[in-house]
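The structure appears below as structure tokens.
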Amino acid sequence: MATPHVAAIVALLKEAHPDWSPTAIKSAIVTTGWTTDPFSGEPIFSEGVTDTKLADPFDYGGGLINPNAAKNPGLVYDMGTTD
1 MATPHVAAIV
11 ALLKEAHPDW
21 SPTAIKSAIV
31 TTGWTTDPFS
41 GEPIFSEGVT
51 DTKLADPFDY
61 GGGLINPNAA
71 KNPGLVYDMG
81 TTD
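Residue numbering for the sequence shown follows UniProt numbering, beginning at 1 and increasing consecutively.
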């Protein structure tokens with residue numbers, strides 16, 4: 001069920017910031033994700049063979065999307081392959 005939720009958040013971000021590129025939207029989502037559970041405060045571990053590595057925003061399955069923070073991330077990395 002993750003893909004429909006992420007697609008909806010991307011649509012909301014595109015509505016709020018129509019001038020953002022796909023790279024900027026991805027940056028906003030990745031850099032504002034929670035690496036701790038917002039309700040319990042427990043750390044989230046990265047997905048893999050063992051759950052010994054604490055998650056960081058760049059791990060696959062390594063966090064929870066924070067849509068409110070993604071709407072206004074402060075800094076957005078918007079670089080392409082030509083930059």
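Ideal placement from N, C-alpha and C gives every residue a C-beta, glycine not left out.
Remember, predicted model here, so these are calculated numbers, not experimental data.
Determine which residues share a DSSP beta bridge with Pro-22 and list them.
-> Answer by DSSP bridge pairing: none, since Pro-22 is not bridged.
Going by beta carbon distance, what residues of the same chain come within less than 6 Å of Trp-34, once the five residues before and after it are set aside?
-> Sequence-distant partners of Trp-34 (beyond 5 residues in either direction) whose C-beta falls short of 6 Å from its own C-beta, in its chain, are Gly-63, Leu-64, Asn-66.
Pairwise C-alpha distance: Ile-44 and Thr-52 | Straight-line spacing of the CA atoms in Thr-52 and Ile-44 works out to 10 Å.
What does DSSP give as the partner residues of Thr-36 in its beta bridges?
-> DSSP lists Pro-43 as the bridge partner or partners of Thr-36.
Which whole-angstrom value describes the C-beta separation of Thr-36 and Ala-70, a residue pair presumed to lie in contact below a C-beta threshold of 8 Å?
-> Contact check for Thr-36 and Ala-70: beta-carbon distance about 17 Å, past the 8 Å limit, so the pair fails to qualify.
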